[in-house]
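*Asks:* Respectively, the protein sequence lines represent chains W and B. Residues 1 to 404 (my numbering) are what the first sequence spells out, left to right. Residues 1001 to 1404 (my numbering) are what the second sequence spells out, left to right. Virtual Cβ for every residue (Gly too), placed ideally from N, Cα, C.
2 protein chains.
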Amino acid sequence: MQIDSFFAARNSRMKASEIRELLKLLDQPDVISFAGGIPDPALFPAEKFRDAMADALSDQNQGLSLQYSTSEGYPPLREWLAQRMTQLGVPCGADNILITSGSQQALDYLGKLFLSPNDTALVGWPTYLGALGAFNAYEPRFDRLDPMGNRAAADVQADAAAAGGKVKFSYLSPDFANPTGITLSLQERQQVLAQAEALDCMVIEDAAYQSLRYEGEEIPPILSLELTEKGDLDQCRTIYCGSFSKTLSPGLRIGWVCAARPVIDQLVLLKQAGDLHTATLNQMAVAHVAADGFEDHTRLLCAHYKARRDRMLAALDQHMPKGVEWTRPEGGMFVWMTLPKGMDGADLLAAALRDEKVAFVPGGAFYPDDDGRNTLRLNFSSPNQAQIDEGIKRLGRVLRAAMS
Amino acid sequence: MQIDSFFAARNSRMKASEIRELLKLLDQPDVISFAGGIPDPALFPAEKFRDAMADALSDQNQGLSLQYSTSEGYPPLREWLAQRMTQLGVPCGADNILITSGSQQALDYLGKLFLSPNDTALVGWPTYLGALGAFNAYEPRFDRLDPMGNRAAADVQADAAAAGGKVKFSYLSPDFANPTGITLSLQERQQVLAQAEALDCMVIEDAAYQSLRYEGEEIPPILSLELTEKGDLDQCRTIYCGSFSKTLSPGLRIGWVCAARPVIDQLVLLKQAGDLHTATLNQMAVAHVAADGFEDHTRLLCAHYKARRDRMLAALDQHMPKGVEWTRPEGGMFVWMTLPKGMDGADLLAAALRDEKVAFVPGGAFYPDDDGRNTLRLNFSSPNQAQIDEGIKRLGRVLRAAMS
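As structure tokens, then:
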């Protein structure tokens, strides 16, 4: 019996993430790692979660927190999120909100909702690796999201039709994207919307990092721009995916979707069939901690991460050889580096681990094809400032050696 | 813009669960409900969870419990489950265990793993409604699981091929199944295995209720029987799905899969793409509470639920009119009732709610087709003994009125 002969065809596209396999190798304590994408655990609001959990598990509340609950999510958390979305420029009600087990689950369910095999998903080149992984299960074709480019909508659609499907959505992360750190301007967001109108497709707005802005003016979410134009959320094609993973805690797995009710209603059915509901206790605890100082905690995080970003940018200015370029993110967790053409991030990682005990993610992993081999991603949220200084110095030595 | 015109075809099969819609109507406090499938919240080990959560959120542990973790699951919980499976007759290691967000998620991911559109899943007629929901997303054909029947494997396969796919698995719950309460004998389990060998398909063994046995001898899991025969878990076609929802808490959403490593390895990739991992904190808390008295707590549950089952069976003997039949489950949460032919459970529910304020689930919901309209499911884990007496008395009156 060959068990994998029973697997459905979609599984051939589900491969181990390079990042994940890589992280297994990083347990050595003397490696300075810029490879993670994780928050600094020293900044978790653990004491607030202790209080929140004690409250949710009190005699009065345990019958609720430990019990089955509805697939839509815990009503007070949905209410809080509706208010939060309103502050962000998306006035809405709790029935526009679905709670998911992290925003990764939202991406999985949105793939399930929209993608038939050979449909086209427009994504950044590079884009979030986890989005490619989630969508891959539904066997789409990926094409370049390039709303500012010169390709006419009719041509994009013709390519999608030739591949046997339709353009179903654009997927993007407009603020401090993973992996590039780049933020879309107001005008660029409007072009994303205009292109989606021309293509008649949905827009998936991944706002995972939105709360982590360290400088510059907040730019309204794409969903806010569309709602302002159309005046009715139920007529909007943009689907906003939020997450508490970068602000309160990733380990609790709480994210949300804010969208038109026809989208939410069908996602609720997928959620019900998929895992019934997100853990009740976790939703209650997050609702408690969020209501008790989400803004304050986010300000604290931003102060810490801004200092690390500044330190990384300063260290890069000091230690990088000529010919290497990198982004200057206004927030988030990542700097994206472009090496001279012909260099290979994966080869460089091998050398960096061997010669200097410093790690990063080779950028090729973030492309749907073989592109981007001369790129890499640097995380600045996990290492402390001294590690950033030392690690970037080491990376400079590795690069100089490789380029000489 | 018609948003549902963008939905993938699979969504046409994802419909609102009748049970779920029904439960929305049951908020009236004067209705006695046998419709739920939920544990009695008074029996949750809340104090143990308070201790466990305080420990998991301690200064020492918060950096782990609130952080991202691996897709396979929390190692100490996987170790505990490997020991538990060994006690159940399935000696195995932690690498045969995947932690899922409830066993519902295991069913979703197993559908994703095995089912291409038009493949055949063999299921009970009736079967667990949530399994039909999970599998439906992958557009299978359902056929009757009838290992003791007279259909030759070649005929079952021929029907599957005619429908455009293969028989990928049998799905069943061998102990006190939802909805029937029926337990498969040792011989019947062996016939399930023999049929799977003849069909060359997998077996999904849903053991959600296995720990809730109130009388009779424990019968080994199907996976245990297969392992005894083959001697190597990695050669076994049976996939065991377990859950803490019926024992410790459903609200924490912790289940597991125990299977051959090729199955676990691929499920880990689906889990990674699907929601990264199950909440770290919840896994730590369940590992803590399970290690600290799983057996004792289960014994306590069994004593309570046995009394309710006994009370329900006694009340049924007393109040049901002639022509009505029901199962006598050795465990679990459900009694399954068969009404005289021509009666309709859905019509009866309308009358029961209107005339007597008593509720149950019409059995038709548990069939993949239009079969079983003259059946209904009664839950005895949620109502207390006085409610059981009074509710079954009311149901007797409703039935007598309907049959007269």
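1) Are the C-beta of N136 of chain W and some C-beta of chain B separated by less than 8 Å?
2) From A402 of chain W to G364 of chain W, what distance separates their C-alpha atoms?
3) How many whole angstroms separate the CB atoms of Y68 of chain W and G274 of chain W, which I take to be in contact at a CB cut-off of 8 Å?
4) I'd like to know if R1237 of chain B contacts chain W, where contact means its C-beta is closer than 8 Å to some C-beta of that chain.
5) Give the single residue among W:T298, W:R373, W:C241 and W:A42 whose Cα lies nearest to the Cα of R213 of chain W.
6) C4 of chain W touches chain B at which residues, Cβ-Cβ below 8 Å?
7) For the segment 333 to 351 of chain W and the segment 373 to 380 of chain W, state whether three or more C-beta atom pairs, one from each stretch, are separated by less than 8 Å.
8) Would you kindly check if the distance between the Cβ of D1206 of chain B and the Cβ of L1184 of chain B is under 8 Å?
9) What first and last residue would you give for the beta strand (DSSP E) that runs through K1271 of chain B?
10) By Cβ distance, which residues of its chain are closer than 8 Å to N1282 of chain B, with the 5 residues on each side in sequence left out?
11) Give a yes or no on whether the C-beta atoms belonging to R261 of chain W and I222 of chain W are separated by under 8 Å.
12) If we call anything under 8 Å between Cβ atoms a contact, is G133 of chain W one with Q1272 of chain B?
13) What distance in whole Å lies between the Cβ atoms of F1360 of chain B and A1035 of chain B, which are believed to be in contact at a cut-off of 8 Å?
14) Along the chain, where does the beta strand (DSSP E) that runs through G1396 of chain B open and close?
15) Please classify M1053 of chain B: does DSSP put it in a helix, a strand, or coil?
16) Output yes if chain B places a C-beta closer than 8 Å to the C-beta of T338 of chain W; else output no.
17) Just how far apart, CA to CA, sit H304 of chain W and Q1060 of chain B?
18) Apart from the five residues just before and just after A121 of chain W, which ones in its own chain have a Cβ nearer than 7 Å to its Cβ?
19) Should F1334 of chain B and L1378 of chain B be called a contact, given that it needs their Cβ atoms to be closer than 8 Å?
20) In chain B, which residues lie less than 9 Å from F244 of chain W when you measure between Cβ atoms?
21) Could you work out which residues of chain W lie near D1275 of chain B, taking near to mean beta carbons separated by less than 7 Å?
22) Taking DSSP's pairing of strands, which residues face M1202 of chain B in a bridge?
23) In chain W, what lies closer than 7 Å to I1222 of chain B by C-beta?
24) Taking the alpha carbon of K112 of chain W as the reference point, which residue from B:G1037, B:N1011 and B:W1336 has its own alpha carbon closest?
25) Between which two residues does the alpha helix (DSSP H) containing A1290 of chain B stretch?
26) Using a Cβ-Cβ distance under 8 Å, would P368 of chain W count as near chain B?
27) State the Cα-Cα distance for the pair W80 of chain W and Y74 of chain W, rounded to the nearest angstrom.
28) Taking 8 Å as the threshold (beta carbon to beta carbon), is K393 of chain W in contact with chain B?
29) Consider the Cβ of T280 of chain W: report whether some Cβ of chain B lies at a distance smaller than 8 Å.
30) Do V358 of chain W and I32 of chain W count as a contact pair if the criterion is CB distance below 8 Å?
31) Scan the segment 1123 to 1155 of chain B and note each continuous alpha helix (DSSP H) run of 4 residues or more that stays entirely inside, going in chain order.
32) Please state whether the Cβ-Cβ distance between V203 of chain W and R151 of chain W is less than 8 Å.
33) Look up P406 of chain W in the DSSP assignment and say whether it is helix, strand or coil.
34) Which same chain residues, not among the five before or five after T327 of chain W, have their C-beta less than 7 Å away from its C-beta?
35) In chain B, what lies closer than 8 Å to L69 of chain W by C-beta?
*Replies:* Put simply:
1) So yes, N136 of chain W belongs to the interface.
2) 18 Å
3) Actually they do not touch by this definition, with Cβ atoms about 15 Å apart.
4) yes
5) W:T298
6) Here residue 4 of chain W is Asp; the residue named in the question, Cys, does not match the sequence. What D4 of chain W touches in chain B: P1262 and Q1266.
7) Counting Cβ pairs under 8 Å, three or more are found: they touch.
8) No Cβ-Cβ contact shorter than 8 Å links L1184 of chain B with D1206 of chain B.
9) Per DSSP, K1271 of chain B belongs to no beta strand (DSSP E); it is in the alpha helix (DSSP H), R1261 to D1275.
10) L1252, R1253 and I1254
11) no
12) yes
13) 5 Å
14) Looking at the DSSP string, G1396 of chain B is not in any beta strand (DSSP E); the run it does join, the alpha helix (DSSP H), is Q1385 to M1403.
15) helix
16) Answer no: the Cβ-Cβ gap between T338 of chain W and chain B never drops below 8 Å.
17) 21 Å
18) Result list for A121 of chain W: L115, F135, P140, F142, K168, F169 and Y171, in chain order.
19) yes
20) Simply none; closest approach about 11 Å.
21) The contacting residues are S101, G102, Q104, Q105, D108 and R253.
22) B:F1169
23) By Cβ distance, chain W contributes nothing, its closest Cβ being about 16 Å from I1222 of chain B, past 7 Å.
24) B:N1011
25) A1290 of chain B: member of the alpha helix (DSSP H) spanning T1280 to A1291, first to last residue.
26) It does not: the Cβ of P368 of chain W has no partner Cβ on chain B nearer than 8 Å.
27) 10 Å
28) no
29) yes
30) A contact, by the Cβ cut-off of 8 Å.
31) 1129 to 1136
32) Contact check for V203 of chain W against R151 of chain W fails: the beta carbons are separated by 8 Å or more.
33) Outside the displayed span of chain W (1 to 404) sits residue 406 of chain W, for which this structure offers no information.
34) T180, G181, I182, V335 and W336
35) In the sequence as presented, Leu is not what sits at residue 69 of chain W; that position holds Ser. Within chain B, the residues near S69 of chain W are G1251.
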